[in-house]
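Okay, structure first, notes after.
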Amino acid sequence: MADMEISTDIKAVKQELAALRKTIRYHNNRYYNEDSPEITDYEYDQLMLRLKALEKAYPELITKNSPTQMVGGEARREAGVLVQHDVPMLSLQDVFSREEIESFVADMQAQFSDPEFVVEEKIDGLSLALRYENGELVRAVTRGDGLVQGEDVTANARVIEDVQQHMKDRLPYFEVRGEVYMEKAAFDAVNERQELLGLKPFANPRNCAAGTLRQLDARITRERKLSLFIFNLQKAEGREFTTHTEAYEFMKAQGIKVIHNYKVCHTVQEVWAAIESIGESRGSLAYDIDGAVVKLNRFSDREQIGATSKVPRWAIAYKYPPEEKETVVRDIELSVGRTGRITPTAVFDPVRLCGTTVERATLHNQDFIDSLDVRLGDTVRVYKSGEIIPKVKEVVKEKRPAGAEPFRIGRYCPVCGAEAVREADTADIKCQNPSCPAQLENHLLNFVGRTAMDIKGFGEAAIHGLIEQGYLSNIADIYHLHERRGELVAKGLIGKEKNTDKLLANIEASKANDPARLLTGLGIPGIGRAAARELMLQFGSLNKLAEAEAEAILAVRDMGEVSARTLVTFFRDETNRALLAELSDLGLNFVSGEKAVTTGAAAGKTFVITGTLPTLGRKECAALIEAHGGRVSGSVSRKTDYLVAGEAAGSKLTKAQELGTAILDEAGLKALLGAE
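Residue numbers (the working numbering): 765 to 1440.
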């Protein structure tokens, strides 16, 4: 069985893996727990061999609870054991200007006679200490907390090609510190495979390297081709070293890969020139760097000046300004969200920023486009905000092509062609068609979501497939799905027969939900769960709310003019009225069974809950308050009547004290509500 050809169809592989694991778990239970095996040992072994063969071919698809990851009935540990540091793995103090570099150099020169400085690249990766005993690698340890302990990742370190396993000179003890990283090409290859397998791609090479080094399975580490540079001697026994560079030369003779292109400097001018040189090389390196390190060369100087509890005093890290690249805008795409908001996105020639290739950046709205004057064909400077989110910084107008025209979002929805209108006092331009296909998927996800109708098992994939196949064009169609059960089962859009029936039952059960949930699910701008509940408490039914005038809606607690106008507009729209009529005919509950509590200590009061309470969970506490007529808010303000505070209350407690808000513990809340 294990010798059979392994499919390259990822969907088929995933299905076979799931079936194998389920079958093996069943037989494990029959064998170990029920003492009643149904298959021979040989047949069981063949199942396990097939599972191992598939997982060897696709190690990214190994799950924590796979039978191959179980030993004696217990799951293997997710990470290595903790190891005590022989030498603390401290971080470096970051500086951001030439003046700070000059100050550091001057300070070292004032304390030492003709100090030498080594300037080298600061690799953007994960710190790792390697320990050798009698010339043999015995332990690889992550930084961990930096002071006391790190994690043993020796098995994974041994499969990194750059990790030297044996030293030529067999010193009794030799510990070095380096940086595990991924070259750009290796990172791209990993993400390409992730996408092929339907898995989430990594955000950047550093995250990928860190996650890979802590993998349970060293096969994945080997496959992802991590790299390593050594940048420091931590400890040596059996040989004395005078300088950092002397230690480097010794390491290189042992076959240990150290930071390359480091420079020894004596003056601040030389130091700054070396920093600039490294900065200029950033774009041509095969890997990412996030700065340059300046460190004293002589170990005796380092020992004399020492370290704080966090950083060595003998080294600093210069961080370069955010990386910027020029690229050309080839298109400005318009997308439409659930609320109808039209968002422009610049599509430009791919550029590499902070370890990833980017080719898109949001332009937010028409005002943002106008402020930068972005046009098709423009050369723009892009950067990553926080080294994560691509952004357009400015237009290089001297490179603008002749005839480039200002860009306008336009008056019509790019998806359905309906009128698009700029909302008053905002920068948002919105499609006015509530049935716009672009809004439908997000609208349906909101409707079935936990805070709205809470139809369990109705996920994004199912909704997307049902829309594509023409089964869903509005929320009412959800309640017609049972009429097409046979087709749904045959096509597998929701799953097999059992899953389909389960979802259809959940849809049917949701009809009995309180109308506050239905109102939340309609996706009316500004009407969330709390507002919907207040409206239902006031009006009692959706039909009464639908006929209400703005003045009556304004009388509801926390309703403002914008929300009142929005509700009136929504319920006067003929399309929306037809939708509500259909939902009513389908049997959805329009009448609230909850009555507003108008008396008692909590009635009309606003509560905020923070910290951990002795017996009540956050949701239980909120339900208790609401049952007594109170309202629960997420933030403390002058409108807050009571703060219910448990352990680790944090900043909300501080703010409540500053505002003079009444503060209750759990016992005090129950006493107030008479709920003891």
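Glycine included, each C-beta is placed from N, C-alpha and C at the ideal position.
- Burial is judged here by how many other beta carbons sit within 10 angstroms of a residue's own beta carbon; I1153 has fewer than 16 and is exposed.
- For the pair V1035 and V883, the CB atoms are nearer than the 8 Å cut-off.
- Following the DSSP letters along the chain, one finds A1056 inside the beta strand (DSSP E) bounded by residues 1053-1060.
- The shortest CA-to-CA distance from Y945 to any of Q998, E925, S1099, Y822 is the one to E925.
- Contact between the stretch 1270-1280 and the stretch 1350-1358 is present: three or more C-beta pairs spanning the two stretches fall below 8 Å.
- Straight across, the Cα-Cα distance linking D1337 with L1344 is about 11 Å.
- Look at K1155 here: in three-state DSSP terms it is strand.
- When beta bridges are read from the DSSP output, A1125 appears opposite A1110.
- Note on geometry: alpha-carbon atoms of P1076 and L977 lie some 26 Å from one another.
- If one requires a minimum length of 3 residues, the beta strand (DSSP E) runs lying completely within the stretch 891-919 are 900-906, 913-915, in chain order.
- Considering only A1038, R1293, V1332, K1419, the residue with the shortest C-alpha distance to A1386 is R1293.
- Its chain contains I1288, P1289, G1290, I1291 as the residues whose beta carbon lies nearer than 8 Å to that of T1330, once the 5 sequence neighbours on both sides are disregarded; these appear in chain order.
- Rounded to the nearest whole angstrom, the C-alpha separation of A1000 and V905 is 17 Å.
- Counting C-beta pairs closer than 8 Å gives fewer than three between the stretch 1202-1210 and the stretch 1183-1191, which falls short of the contact rule.
- In chain order, A1240 place their CB closer than 7 Å to the CB of L1347, counting only its own chain and leaving out the 5 sequence neighbours on each side.
- Excluding its 5 nearest sequence neighbours in each direction, A1413 has C-beta neighbours in its own chain below 7 Å: T1374, G1375, listed in chain order.
- DSSP places G942 within a strand segment (E or B) once states are collapsed to three.
- Boundaries of the beta strand (DSSP E) harbouring K999: 991-1001, taken from the DSSP string.
- When the five nearest sequence neighbours on each side are left out, the beta carbons in the same chain lying within less than 6 Å of the beta carbon of S1397 are those of T1370, V1372, in order along the chain.
- Taking one beta carbon from each stretch, the stretch 890-906 and the stretch 823-830 have fewer than 3 pairs nearer than 8 Å; the two do not touch.
- Comparing C-alpha distances from S867 to each of E807, A817, D916, T1031 shows the shortest one belongs to T1031.
- Note: R1395 is bridge-paired with T1370 in the DSSP secondary-structure output.
- Under a 10 Å Cβ-count criterion, N968 is classified as buried, with 16 or more other Cβ atoms of the shown protein chains found around its own Cβ.
- A contact is defined here as three or more CB-CB pairs under 8 Å, and the stretch 911-918 meets this definition with respect to the stretch 843-856.
- The Cβ atoms of T1215 and T1284 sit closer than 8 Å to each other.
- Per DSSP, E1183 lies in no beta strand (DSSP E) segment and is marked neither H nor E.
- Per DSSP, the beta bridge partners of D858 are A1081.
- In this structure V851 is exposed. Its beta-carbon is surrounded by fewer than 16 other beta-carbon atoms within 10 angstroms.
- Within its own chain, the residues whose Cβ lies closer than 6 Å to the Cβ of I1069, once the five positions on either side in sequence are excluded, are R1077, W1078, listed in chain order.
- Ranked by Cα distance from Q810, the options S830, K820, L784, Y790 are led by L784.
- Judged by DSSP secondary structure, A1037 falls within the alpha helix (DSSP H) whose first and last residues are 1032-1045.
- Take the alpha-carbon of E807 and the one of D773: they are about 25 Å apart.
- Its chain contains E947, K948, A949 as the residues whose beta carbon lies nearer than 8 Å to that of A1050, once the 5 sequence neighbours on both sides are disregarded; these appear in chain order.
- Linking S1237 to I1231 through their CA atoms gives a straight-line distance of about 7 Å.
- The residue from R1003, L1252, F1014, R988 with its alpha-carbon nearest to that of F995 is F1014.
- Beta-bridge pairing by DSSP links K1194 to R1105, V1185.
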